[in-house]
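Structure first, commentary second.
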Amino acid sequence: MKFKQLLRILFIAASIGSLYFVPWILVKAWILPLPNTVQEQLDEAITHGFDGMIVYIDQVGKKPEFYAAGWHDRKNKIPAKPRALFKIASITKLYVAVATTKLIKAKRLSLDKTLAEYFPELANRIENADEITLRMMLQHRSGIPNYVEHPNYWINLPTNDEETLAYGLDLPAVFEPDKDYGYSNTNYLLISNLIDKTVGYSHKQFIKKEILTPLNLNNTYGSIHDIDIADLMSGYYVGIEEDLKTEEIGLMIATAEDVGIFIRALNDGSVFNDGEQDIYTSIYEYEHTGLLPGYQSIAKYHEDIDTVIIQFNNTANFSGYEWSLAEISYGRILKIVKRRSS
């Protein structure tokens, strides 16, 4: 059976099973005594079912810290590498939001211009297109349906942006524009396409030119076709033996260190030129998480201890328990860092 068929079956089974399973493993992960070191916490987290894990810590006044546990490649028994590449999933939205901010400041885009104006060809395929503004899309306040929630998405997974977008079209709005919040990947797919139209080339190249190169982020990429695949950490979905690293998902790939440097620059403002940070603050957030089949990521800056912590886990399950375990582990790592800082 092919990966996409297995993924669909497991996704449905996990959704049903999660209604009846009591997650004692979460209780155990939460109540265990807090280890003394970050490495001990990673080693403990691996025992909860993760194949591999990477953590990067950048605390002001200290050298960056690199940690890894488990497998980089389970089949070939290659240990996890702290500087491995990783599919960062929705953390990509932070880069897209910064890129959009730069175009807004340059007056090449307008926050108040509507979706219908930017994409007249979609005006009759997205409800309220003449009322939805770029600002609403950036803030997930558009009411545009999330393409991953389309009933056929997991039956016939898309292979390109056009097929992906189709799952978000010709559907009723989730809510009226600017009347609620609803996280939707469709918003940022449209925004990425808008950057393409505006600059006349790929938004990924624009991100590289405006963000990656100035910050010397030489280990951040837009596609698996831009890297040596051996450098990419393997990704696993619970119940599927197949390594998911070769699945092209259209989002960014980076090391934990590169993501950490970007998160630091985002929060201290050094990624912005004059006048851009005020715009960004009004439209999007300063931290993010990401979830794909086989890949989970958390990227946050903690102002109280002036520290960036990035965590990557290469095992996922849409039942939600692996995600909860990742969040518990992240919280425990944060406690360890705070304890040693006091």
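Throughout the sequence shown, residue numbering follows my numbering, covering 19 to 360 in sequence. By construction, the Cβ of each residue, glycine as well, lies at the ideal position given by its N, Cα and C atoms.
Straight-line Cα distance separating residue j from residue i
{"i": "G200", "j": "A107", "result": "18 Å"}
{"i": "Y74", "j": "D276", "result": "10 Å"}
{"i": "D286", "j": "H320", "result": "12 Å"}
{"i": "I162", "j": "A141", "result": "12 Å"}
{"i": "N335", "j": "L262", "result": "13 Å"}
{"i": "G79", "j": "P53", "result": "23 Å"}
{"i": "L208", "j": "E58", "result": "42 Å"}
{"i": "G312", "j": "N332", "result": "5 Å"}
{"i": "D8", "j": "E340", "result": "Absent from the structure is residue 8, since the part of the chain shown begins at 19 and ends at 360."}
{"i": "L233", "j": "H158", "result": "27 Å"}
{"i": "L113", "j": "L50", "result": "According to the sequence shown, residue 113 is Tyr rather than Leu. The alpha-carbon atoms of Y113 and L50 are separated by roughly 36 Å."}
{"i": "L152", "j": "K95", "result": "47 Å"}
{"i": "A283", "j": "K318", "result": "12 Å"}
{"i": "E305", "j": "S315", "result": "11 Å"}
{"i": "I43", "j": "V326", "result": "28 Å"}
{"i": "Y348", "j": "G308", "result": "14 Å"}
Whole-angstrom C-beta distance between residue j and residue i, which should lie under 8 Å
{"i": "G253", "j": "K105", "result": "7 Å"}
{"i": "G293", "j": "K93", "result": "Not quite, the Cβ-Cβ distance comes to about 50 Å (not below 8 Å), so this is no contact."}
{"i": "G278", "j": "I328", "result": "5 Å"}
Start and end residues, beta strand (DSSP E) containing residue i
{"i": "T55", "result": "Premise fails: T55 is in no beta strand (DSSP E) and is neither H nor E."}
{"i": "N363", "result": "There is no way to answer for residue 363, as the model of the chain reaches only from 19 to 360."}
{"i": "Y74", "result": "G70 to Q77"}
{"i": "T273", "result": "I271 to T273"}
{"i": "A124", "result": "Careful: A124 lies outside any beta strand (DSSP E) and carries neither H nor E."}
{"i": "A317", "result": "Y313 to H320"}
{"i": "L262", "result": "No beta strand (DSSP E) holds L262; DSSP gives it neither H nor E."}
{"i": "G308", "result": "H306 to L310"}
Span of the alpha helix (DSSP H) around residue i
{"i": "I346", "result": "Y339 to S359"}
{"i": "I297", "result": "E294 to T299"}
{"i": "L133", "result": "L133 to Y136"}
Any chain B beta carbon closer than 7 Å to residue i
{"i": "S288", "result": "No chain B is part of this structure, which consists of one protein chain only."}
Inset, instruction - May I ask you to verify whether the segment 95-104 touches the segment 144-152, counting CB pairs closer than 8 Å and requiring at least 3? - result: no
Legend entry - Whole runs of the alpha helix (DSSP H) within the segment 149-227, excluding any shorter than 4 residues: 152-156, 179-184, 203-217 and 221-225
Legend entry - Any beta strand (DSSP E) of 3 or more consecutive residues that is wholly inside the segment 76-115: 83-91 and 103-105
Legend entry - Given 8 Å, three or more beta-carbon pairs between the segment 118-137 and the segment 166-176: no
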